[in-house]
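Residue numbers (my numbering): 538 to 756.
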Amino acid sequence: MLTLYGFDVSNYFNMIKLAFAIKGIEYKTVTLYPNQSAKYLSKSPMGKVPALETEQGVLTETNVILEYLDDNYPDKPLYPGNTFEKAKIRELVKMAELYLELPARRCHPEVFFGQAVDDLTKKEVKRALCKGMEGIARCAQFSPYLAGKHLTAADIVFLYSADLASVVAGKLFGLDLLDMAPSAKQLMTQLNQREDVIKIAADRKLANIEFNKYIASLS
Ligand SMILES: N[C@@H](CCC(=O)N[C@@H](CS)C(=O)NCC(=O)O)C(=O)O
Numbered sequence: 538m539l540t541l542y543g544f545d546v547s548n549y550f551n552m553i554k555l556a557f558a559i560k561g562i563e564y565k566t567v568t569l570y571p572n573q574s575a576k577y578l579s580k581s582p583m584g585k586v587p588a589l590e591t592e593q594g595v596l597t598e599t600n601v602i603l604e605y606l607d608d609n610y611p612d613k614p615l616y617p618g619n620t621f622e623k624a625k626i627r628e629l630v631k632m633a634e635l636y637l638e639l640p641a642r643r644c645h646p647e648v649f650f651g652q653a654v655d656d657l658t659k660k661e662v663k664r665a666l667c668k669g670m671e672g673i674a675r676c677a678q679f680s681p682y683l684a685g686k687h688l689t690a691a692d693i694v695f696l697y698s699a700d701l702a703s704v705v706a707g708k709l710f711g712l713d714l715l716d717m718a719p720s721a722k723q724l725m726t727q728l729n730q731r732e733d734v735i736k737i738a739a740d741r742k743l744a745n746i747e748f749n750k751y752i753a754s755l756s
C-alpha cells in the first residue's frame, strides 16, 4: 500500500490527501515533521514533506506525486483532456506554487510563528503575491474551476496555496488577495464546502495542537 509521509498541518501534504480522497485511493500515513535526519533524507532528499513511498521507491515534490497518482489511478483524472489541456493544468499548478505559495512562505515566520520578517522581504512578497494572483487571473478560466468545468490538480494546489497566501496578504498588507482574481472567492468557497476538504481541515485543526507544541519545543 502507498505510504504518505508528512503531517496534517502541511498544506503540501494536504494537497496529496485531497488527491487521494478524490480518487478514492487507499493509503497509510506516517506522521512526521520535515527533518534532516539521515534516515529521512534517504527517503526525502531535501528532508521535506510530503514524501510518498511506493512499491518501486519514494517520490517527493507534490506536483510530481500528483502526476504519478494520476498516471497510476486514471479514474477521476486530475489532469484531464488533450495534451494542451493537460499542459494548461500543469501551468496553473506551477503558477500557484511559484507565485503564491512560495512568496507567501517567506512571510510565514511572522504570520504563523511570531518571528518578525524584515520590511524588504515584506515589500517583495506583497508585490509578488499581487502579481501572482493577477497572473493566475489571466491564465485561469474560473468556470467554475481554474482549468474549466472539471476539478483538476490546479484547483488542489491553488486551494492549499491561496488559503495561506490570503492569510499572509490579509494580516501583513491588509489586502484581500482573492479579490484580485474574478471568481477566486467563489471557487474557494465551493472547494471548502466539499466533504473531503472539510475532513482535511478538521484533521489540520486537530494536528495543529501537537504542531504548536513541536514548534515551541524548537525555541
Ligand atoms: N516543493 C515541495 C515543497 C514541500 C514543502 O515545502 N513542505 C514543507 C512543509 S509544508 C516542508 O517540508 N518544509 C521544510 C523545509 O522546507 O525544509 C513540494 O512540492 O512538495
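Yeah, the Cβ is synthetic: ideal placement off N, Cα and C, and Gly gets one too. Only a predicted model underlies this, so the values are computations on that prediction, with no experimental measurement involved.
Give the straight-line distance between the Cα atoms of residue i and residue j, rounded to the nearest whole angstrom.
| i | j | result |
| --- | --- | --- |
| TYR759 | LEU715 | Coverage of the chain is limited to positions 538 through 756, which leaves residue 759 absent and any answer about it impossible. |
| VAL705 | CYS644 | 7 Å |
| ASN572 | TYR605 | 24 Å |
| ALA624 | LYS686 | 16 Å |
| ARG642 | GLY669 | 14 Å |
| GLU638 | GLU592 | 30 Å |
| SER756 | GLY651 | 12 Å |
| PHE621 | LYS554 | 26 Å |
| VAL654 | CYS667 | 19 Å |
If residue i and residue j are in contact, beta carbons under 8 Å, what's the gap, nearest whole angstrom?
| i | j | result |
| --- | --- | --- |
| MET632 | ILE602 | The Cβ separation is near 18 Å, so there is no contact. |
| ALA691 | ALA684 | 5 Å |
| LEU709 | GLU628 | So it is not a contact: roughly 28 Å between Cβ atoms. |
| LEU701 | ASN548 | 6 Å |
What do you reckon, is the C-beta of residue i under 7 Å from a heavy atom of ligand 1?
| i | result |
| --- | --- |
| ASN548 | yes |
| THR599 | yes |
| GLY672 | no |
| PRO640 | no |
| LYS585 | yes |
| PRO571 | yes |
Considering only the alpha carbon of each residue, which of the options lies closest to residue i?
| i | options | result |
| --- | --- | --- |
| GLU563 | GLY584, LEU589, LYS576 | LEU589 |
| ASP612 | LEU709, GLU628, ALA575, LYS560 | LYS560 |
| PHE557 | GLU661, SER581, VAL567, LEU539 | LEU539 |
| TYR751 | PHE710, LEU555, TYR570, LYS554 | TYR570 |
Check whether the region 736 to 746 touches the region 687 to 695, counting contact only when three or more Cβ pairs, one atom from each stretch, lie closer than 8 Å. Using a C-beta cut-off of 8 Å, the region 736 to 746 makes no contact with the region 687 to 695, since fewer than three inter-stretch Cβ pairs fall below that distance.
Please confirm if the region 622 to 639 is in contact with the region 673 to 683, defined as three or more CB-CB distances below 8 Å between the two stretches. By the Cβ rule, the region 622 to 639 counts as touching the region 673 to 683, because three or more pairs are nearer than 8 Å.
Touching by the beta-carbon criterion (3+ pairs, under 8 Å), the region 538 to 547 and the region 716 to 727: Taking 8 Å as the limit for Cβ pairs, the verdict is that the region 716 to 727 does not touch the region 538 to 547.
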